[in-house]
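To start, the structure under review is shown below, and the notes come after it.
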Amino acid sequence: MHVSFLGLGAIGLPMARHLARPPFSLTVWNRTASKAAAFASQHAARHASNPADAVRDADLVITCFPVSADVEQLLDGPTGLLATMRAGTMLVDCTSGDPATSQRIAARLAERGIGFLDAPVSGGVAGAEAGTLTVMVGGDATLLERVRLVLEAFGKRIVHCGAVGAGHAVKAVNNALLAQHIIGTAEGLLALERMGVDPAIALDVINASSGRSNASMNLFPERVITKAYPRTFRLALLDKDVGIAAQIARAQGIDAPMLDLASQLYHEARAALGEDSDHVEIVKWLAARAER
Ligand code: NDP
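Using my numbering, read the sequence shown as starting at 104 and increasing by one per residue.
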């Protein structure tokens with residue numbers, strides 16, 4: 104199967120690595136061309152200098168960009184995906200995107216006989232490297248069966264969530280919970296620390312109790328207590344995800360003050376910390392805010 108992978112970012116690159124081997128024949132494209140060239144020099148893959156060249160011979164195109172609008176803007180024009188992908192092929196979008204844009208993209212591709220699935224992933228860079236991601240899929244179940252083998256190259260759990268957009272929606276809600284857990288854990292530990300309780304001891308208790316989460320069990324011990332703050336998942340991307348979750352709730356007529364507040368806080372932290380900070384760095388911003 105000829106697979107084209109577009110978008111070799113923090114998570115896209117380790118995902119693409121799993122496809123640089125038989126039974127796949129891999130072509131990669133990245134906006135910053137040097138990254139695709141470096142990838143092709145290190146793996147069994149060809150690099151294309153533009154998206155049209157990347158997708159022309161592909162049976163399956165995988166995209167992994169920051170937002171759905173980045174996928175949508177590749178569709179049009181004489182060198183766009185609509186003009187260059189062949190009928191009967193498929194686009195699987197692993198961007199953590201938004202349902203409404205994906206529904207538009209799916210409808211336009213369908214007019215050309217091209218299938219579409221939204222298939223965002225969870226498990227972080229470490230999960231991508233290990234090939235153990237969870238993949239949440241929206242779209243036609245029979246299309247999913249056609250590409251399951253490809254998704255299994257980087258995913259351990261492949262879950263069909265519903266119609267087009269359902270994968271994005273589940274991903275956005277999952278990440279909104281991640282954001283809420285980070286904020287809530289930070290606020291609680293700040294208060295305990297000011298009372299004189301060692302945050303590491305508080306985490307030991309919480310992690311053996313009912314308040315534990317991925318944030319308290321992994322992110323805080325490994326990144327906050329150690330002050331390591333590695334940059335694996337940009338805060339700007341989590342801000343985007345929480346915003347999508349809040350927007351989905353609004354669109355469904357659900358009053359969701361927790362989602363709105365998490366979205367507002369991540370938005371403010373993004374403005375203060377910039378586009379390249381890591382999602383966990385909001386903890387530093389919350390600590391500085393608590394001093395004011
Ligand atoms: P990065 O910011 O590390 O990489 C983004 C990639 O998209 C780069 O290859 C970048 O190219 C490319 N890109 C950005 N804008 C455009 C554009 N307008 N047109 C074409 N290409 C573009 O993001 P991640 O890899 O971390 O994330 C990608 C998606 O996966 C996001 O939706 C994110 O929310 C999601 N995700 C990320 C996880 C993580 O742990 N990092 C975990 C789970 C999901 P260039 O090299 O030129 O900048």
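The C-beta atom is built at its ideal place from N, Cα and C for all residues, glycine as well.
Best match in the options for proximity to residue i [C-alpha to C-alpha]
i      : options                           : result
Ala209 : His150, Gly110, Glu175 and His370 : Glu175
Ala279 : Val170, His146, Met361 and Ala143 : Met361
Ala409 : Arg134, Leu281, Leu306 and Ala244 : The structure shown does not extend to residue 409, since the chain is modelled only from 104 to 395, so the question has no answer here.
Ser366 : Ala390, Ala391 and Ala339         : Ala339
Val273 : Arg260, Ser199 and Ser319         : Ser199
His271 : Glu325, Phe127, Glu232 and Asp221 : Asp221
Ala289 : Pro181, Arg392, Leu129 and His121 : Arg392
Leu292 : Phe323, Val276 and Asn317         : Phe323
Ile217 : Cys197, Arg189 and Glu232         : Arg189
Glu296 : Ala390, Val345, Ser144 and Ala147 : Ala390
Phe219 : Thr237, Glu232, Ala123 and Ala269 : Ala269
Cys197 : Thr166, Trp388, Leu177 and Arg120 : Thr166
His146 : Ile351, Asp160 and His121         : His121
Ala136 : Ala213, Arg149 and Ala256         : Arg149
Ala186 : Arg215, Pro169 and Val170         : Arg215
Gly241 : Cys264, Lys259 and Ala256         : Cys264
Ala213 : Leu236, Leu184, Arg395 and Ala233 : Leu184
Near the ligand NAD: residue i beta-carbon under 6 Å from a heavy atom
i      : result
Lys387 : Absence of the ligand NAD from the depicted structure is noted, with the ligand NDP being the only ligands included.
Close Cβ partners of residue i (< 7 Å) along its chain, the five nearest in sequence each way excluded
i      : result
Leu163 : Met104, Val106, Thr192, Met193, Val195, Val250 and Val253
Asp363 : Ala349
Ala172 : Thr204
Ala305 : Leu292 and Leu295
Leu168 : Sequence inspection shows Phe at residue 168; the Leu mentioned does not correspond to that position. Answer for Phe168: Gly110, Val174 and Thr198, listed in chain order.
Counterpart residues of residue i in DSSP-defined beta bridges
i      : result
His263 : Val240
Ser128 : His105
Leu163 : Val106 and Met193
Ser225 : Thr237
Ala213 : Paired residues: none, contrary to the question.
Asp363 : Note: Asp363 sits in no beta bridge, so no partner.
Ala275 : Ala275 is not bridged to any residue.
Leu220 : Val195
Ala318 : Partner(s): none; Ala318 has no beta bridge.
Asp344 : DSSP output for Asp344 lists no bridge partner at all.
Ala148 : Leu129
Cβ neighbour criterion (16 or more within 10 Å) applied to residue i
i      : result
Ala311 : exposed
Ala151 : buried
Val327 : buried
Ser313 : exposed
Asp307 : exposed
Val383 : buried
Pro125 : exposed
Asp179 : exposed
Asp301 : exposed
Pro333 : exposed
Gly480 : One cannot answer for residue 480 here, as it falls past the ends of the chain, which runs 104 to 395.
Lys343 : buried
Ser144 : exposed
Pro181 : exposed
Ser319 : buried
Ala231 : buried
Leu130 : Inspection of the sequence shows that residue 130 is occupied by Thr rather than by Leu. Per the 10 Å Cβ criterion, buried.
Ala372 : buried
Sequence-distant residues of its chain with Cβ nearer than 6 Å to residue i (five each side left out)
i      : result
Val262 : Met239
Trp132 : Leu109, Ala139, Ala151, Pro154 and Ala157
Leu246 : Gly218 and Leu220
Ile347 : Asp201 and Ala275
Ile309 : Arg315 and Ser319
Phe127 : Met104 and Val106
Ala123 : Leu129, His146, Ala147 and Ala148
Cβ shell of residue i (< 8 Å), same chain only, five flanking positions each side left out
i      : result
Glu325 : Ala331
Ala374 : none
Would you call the segment 375 to 389 and the segment 197 to 212 touching, i.e. three or more CB-CB distances under 8 Å? no
ask   = Between the segment 113 to 132 and the segment 221 to 229, do three or more beta carbon pairs fall short of 8 Å?
value = yes
### Message
For the segment 283 to 296 against the segment 350 to 359, do three or more pairs of beta-carbon atoms, one drawn from each stretch, fall closer than 8 Å, so that the two count as touching?
### Response
no
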